[in-house]
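Counting in my numbering, the final residue of the sequence shown is number 90, and the numbers go up one at a time with none missing. Built from N, CA and C at the ideal position, the CB exists for glycine as well. To start, the structure itself, in structure tokens.
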Amino acid sequence: MKLALKVTPGARKNEILGWEDDYPQVGRVLKVKIAAPPVEGKANKEITLFLAKALGVSKSSVEVVHGTSGRIKLVEIPDGTDLSVLDNAR
Numbered sequence: 001m002k003l004a005l006k007v008t009p010g011a012r013k014n015e016i017l018g019w020e021d022d023y024p025q026v027g028r029v030l031k032v033k034i035a036a037p038p039v040e041g042k043a044n045k046e047i048t049l050f051l052a053k054a055l056g057v058s059k060s061s062v063e064v065v066h067g068t069s070g071r072i073k074l075v076e077i078p079d080g081t082d083l084s085v086l087d088n089a090r
């Protein structure tokens with residue numbers, strides 16, 4: 001399953017801010033702040049680790065598949081993953 005993210009790198013701490021509906025060209029996105037800087041793939045790696053932990057899935061099952069150099073990213077996660085845990089993760 002694919003999950004659209006709006007990522008803010010270089011934040012003070014990793015956190016999930018919640019859902020934003022009707023984002024242009026993407027639709028619904030999950031807003032996420034990541035502490036890692038946006039250099040040499042550090043933020044992308046941190047996103048996969050942070051989301052895997054938040055969703056309770058293995059690190060290897062989360063992958064950035066589109067938008068590696070932009071703030072809007074498409075992430076592949078296992079089918080059937082319970083996204084309701086993201087609603088309470090702050």
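Go through its chain and collect everything with a Cβ distance to residue i's Cβ below 7 angstroms, but skip five positions before and after it.
i: THR81; result: MET1, LEU55, VAL57
How far does the alpha helix (DSSP H) with residue i in it reach, from first residue to last?
i: THR48; result: 42 to 55
Which residues in the same chain as residue i place their Cβ atom closer than 6 angstroms to its Cβ, once the five residues preceding and following it in sequence are excluded?
i: GLU63; result: GLU76
i: PRO78; result: VAL57, SER61
Checking the sheet assignment: what are the DSSP bridge partners for residue i?
i: LYS73; result: LEU5
First and last residue of the beta strand (DSSP E) that includes residue i?
i: LEU83; result: First-last for LEU83: undefined, no H or E at that position.
i: ARG28; result: 27 to 33
Quick one: using the 10 Å Cβ neighbour count with 16 as the cut-off for buried, is residue i buried or exposed?
i: VAL85; result: exposed
i: LYS73; result: buried
Take residue i and list the residues in its own chain whose beta-carbon comes closer than 8 angstroms to its own, dropping the five residues that flank it on each side.
i: LYS13; result: LYS33, ALA35
Considering Cα atoms alone, identify which of the options is closest to residue i.
i: GLU15; options: LEU30, LEU3, VAL26; result: LEU30
i: VAL26; options: LYS6, GLY18, GLY41; result: LYS6
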